[in-house]
Structures are given as structure tokens and as C-alpha cells.
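Numbering (the UniProt record's numbering), first residue to last: 1 to 495. Note that CB positions come from ideal geometry on N, CA and C, so glycine has one too. What you are looking at is a predicted structure, and each value in this text was computed from that prediction instead of being measured. Here's the structure we're looking at; comments come further down.
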């Protein structure tokens, strides 16, 4: 067999990933199986393949991978040998997927390599990991890189499935959303050229249509509504307006009191004042409503604003709109697990981490608590709108909040089976990490062409509780205890 002269070198990222799979498969633990692997490689490759005995187990595996990567068809043969020695295992599938990712470093010319290295070196925006994960979605686990330059060159080692953009091209498009205008234009010019060369213009247009910026450049208007603990039909509205994306928490704004009939009008006034303050900014704005359990059925995303410019519009037409849990935010003892699950969610916002509740979960006391204690679950889909007066120990929302799940979804009218289909459809965009923006986009798409909306209009009333623990409000432990209860600070009562 001939060696791979004239072909691009297989980069360290993919070789390291291959070695890691072999370690997980047990080849670092058993010298005899490594010896058998080398013997099978010699036969299959017709090559005097050798590995020094004095090397440590992992070093021997590195030597095996390096040797095969330097031989024509060496890595596919190594995948065949692994299948022979460990048939039907998950590691075989992962190894084969990595081998199918052929080097693409020659996509980038030497001049472009140096230019992008200078421009991307040291650039590590909050959306870096998400961009890498989306670009290399078939690589498990997703590789980690220190900055955008390292990611750009590391992802050049991986190819894509037929008809899909190479990961390095997808990454350049995704990271452009995090860059200044000049560099973003340069990156998009390059991705346009690559897509044209590879005849993948449609794939690039599809990706570009689903690119959303990370939260780093967003401004948040957080509005808290809570009922008066004494007087019926009286509500306090407080707000925190972020004028600098890097500042949190911002100063608390003016507090107003109103009846239920006046809530929508007062919120519209708060938003109008915020837009005047933001008039010189070009950042995206997000609306958050911090609500107690008794108010979770408020359809805040459909409330109207822009009343001074023609016909009023529902909030979701202008803003990604989410709700947050006042009870959890007020209870510091629930914040550690909440932060832990949020950190995992930002790393892997995938459909596999979504738990779909069913009615059997609440038949036994604390059954759902036990299920959600498994840290694989990061998002929950409830079977119904959380009731105002839940049964302690048998409440879906309380179990999800107490487990620390940062993302909770439900629908006020349709079944959880229908919601499951909608969430699966949303997950198909590989952008659950931007669920608020993604939900808004599809609501608008449904208005533009309702007949072609695959969710049959369900997403219009989908409720998204999206709770980022890095942006809590200074409420104090216990906060302003809202009526009705059922929050994350009810551990003693619900146990």
C-alpha cells in the first residue's frame, strides 16, 4: 500500500478524537487486544506495521492511528478492524463517522489561512462553543477550542455528509454573526465562494436563514409582575432595563401598581420608554417576564405594543418573549442546581436532553422528582399549563424547577404529544440553544405562510420558560412571596 504523499495531513483534532474512541472501547486497558489489532492491520494492509512495545498504552494507540493515517485507506481499514474486534458497539459507529470525516485543510489557501489566523486569534465570543457544536454536529463529543482561530483550523480537519457544508465553512458562517461588520463581511464572502465552488449554495442559504447571534450583544428588558398579597386584583409591575449588554443587573426602574385590566397598557408604557432609551442602539432586544406561578397563564407574548404608530402589534412580532420563574429566582438555595443544569444546557442544547412528561409521572408521590434528578435532563415539556394549586409531590412544574431545569415548555390547549412533535421539529434546526429567537422566527413564518406551517399553528401559543441563572434580579432570598405558591422554594411544604 502506498502512503498518502500529496494529500493533506490528518490534523491532530481528528487523530485525538480517534484515539479517544479507542480508549473508550477498552484498547488502552488490554495489551493483548492491541497486539491482535496490530496483527490484523498487517494482514489487511499488507504492510509491515509495527508499534514499539515500550510505549505506554495510549501512546501505542496514538502510534497506531498515526501509522494508519499515513497509509492509503489505512484509517478505513482500522475502522474495519475495530468492527471485527468490537462488533456492533457504539464506539465502532463513532469511529466510522470520524473516519468518514476526511481532511479539508486544502479548502483554505495558505494566504487565507494566515489572514484568518490573524483576524480570529484570541477571539472567543460567548457563541464560540455553540458555533463549533453546530458546525461539527456529527462529531461526538464536539471538539473544544480556545479561540475562533483554533476552531477554524481544527474544523478544517473534518468533512461533512454528502450535500452538507464542510464544518469549517459552516463555522465561518456561524462565527460571522459574532464578529464586527468588516470581518463578518469577509467571512461571508469566503463562505459564499466555498459554497459556490462546492455547489452547496442552497445549504448555505438554509444555514444563513437560521443563524442567530449569541446573547452577548442582546439587550434585555426584564419585567416582573406580582399580585399584591393583601388587596385583590392589584398588581405590582417592576422592571430592569439593560442599556449595556455587559451590565447586569441594571438599575431597577420605576414601580407601578395597576389592576388586571391595566396590566397590558402599563407594560406597553414600560416597553415604549425602553425603546426611546435604546433609540441609538442597533442591538437585538429580548423581553422577559418574571412571573409567579399564579400568573403563568398570562399570554404576555400576545400583548400589544407600539400603540403610537398605527395599529398595535403583539410583542412576539418585535421581540423574542419568554417567561421566568419568580419563585425560583427568589430562592437562593435552588440556584446551585439551576446553574449546574444551565451550564450543561449551554454546552449541549439537544433534543436528547429534553424530558417529555406524561400523566403517569404524577401518579406516584415524587416519581417525577426521581426522574428529573437524572442530570441528563435539561429541558422539560409539561403535559399542561401548571395549575395554580398543585398537589404537593405530584406537580410537574415544581419538580422541574427544583431539579434545576432551566428550560420548561408547555401549551395551554393541545396535548403533550402534539407539543413533542413541535419540539422535535424545532430541534431539527440544531438551534434549541436559541429557542426564544427560534420560536419567534417560526411564529412570524406562520403568519407569512400559514398554510405551509408544519406545526399547524401550535407554536403561536407555545409557552417558553427560559431561565438564565447568570441574570438573576436582586430580590433577596424569599423575595416577594407571591400568592399561590408552587415554586422552587417550597421544598419543605411539598416534601
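Query	Result
Buried versus exposed, by CB contacts within 10 Å (16 or more), residue 27	buried
For residue 446 and residue 320, believed in contact at Cβ under 8 Å, the rounded distance	Residue 320 to residue 446, Cβ: 15 Å. No contact.
Buried or exposed by the 16-neighbour rule on C-beta atoms within 10 Å, applied to residue 467	buried
Exposure label - residue 349; buried when at least 16 CB within 10 Å	buried
Residue range of the beta strand (DSSP E) that includes residue 325	321-325
6 Å CB neighbourhood of residue 409 in its chain, flanking five on each side removed	381, 464
Touch test, the region 79-88 against the region 112-127, Cβ-Cβ under 8 Å, three pairs minimum	no
Residue 10 (DSSP reduced to helix, strand or coil)	coil
Buried or exposed by the 16-neighbour rule on C-beta atoms within 10 Å, applied to residue 415	exposed
8 Å Cβ cutoff met for residue 368 and residue 407	no
Whole-angstrom C-beta distance between residue 158 and residue 136, which should lie under 8 Å	6 Å
Classification of residue 360 by the beta-carbon crowding that lies within 10 angstroms, buried from 16 upward	exposed
Cβ-Cβ distance between residue 111 and residue 164 below 8 Å	no
Stretch pair the region 276-292 + the region 249-264: three plus CB contacts closer than 8 Å	no
Which of helix, strand or coil DSSP assigns to residue 55	coil
Supposed contact pair residue 290 and residue 473 - C-beta distance, whole angstroms, cut 8 Å	7 Å
Length of the line joining the Cα atoms of residue 13 and residue 143	8 Å
Beta-carbon proximity of residue 71 to residue 19, cut-off 8 Å	no
Cβ neighbours of residue 167 in the same chain (closer than 7 Å, five flanking residues each side left out)	135, 136, 155, 158, 160
Whole-number beta carbon distance between residue 401 and residue 332, since they are thought to touch under 8 Å	Not quite, the Cβ-Cβ distance comes to about 14 Å (not below 8 Å), so this is no contact.
Length of the line joining the Cα atoms of residue 325 and residue 293	7 Å
Which of helix, strand or coil DSSP assigns to residue 93	helix
N- and C-terminal bounds of the alpha helix (DSSP H) containing residue 378	First-last for residue 378: undefined, no H or E at that position.
Under the three-state DSSP convention, the category residue 358 falls into	coil
With 16 other Cβ atoms within 10 Å as the buried cut-off, status of residue 220	buried
Where residue 384 falls: helix, strand or coil (DSSP)	coil
Cβ contact (3+ pairs, closer than 8 Å) linking the region 186-196 and the region 38-54	no
Contacting residues, own chain, Cβ-Cβ under 8 Å from residue 99 (five flanking each side not counted)	18, 75, 76, 78, 79
Close beta carbons around residue 33, own chain, < 8 Å, minus the five adjacent residues each side	26, 27, 85
Buried or exposed by the 16-neighbour rule on C-beta atoms within 10 Å, applied to residue 257	exposed
CB of residue 262 within 8 Å of CB of residue 239, strictly	no
Cβ-Cβ distance between residue 386 and residue 375 below 8 Å	no
Those runs of the alpha helix (DSSP H) which lie wholly inside the region 189-218 and span at least 4 residues	201-209
Pick from 130, 131, 148, 229 that is closest to residue 122, judged by C-alpha positions	148
Alpha helix (DSSP H) segment containing residue 499, residue limits	The question about residue 499 has no answer, for the chain in this structure spans 1 to 495.
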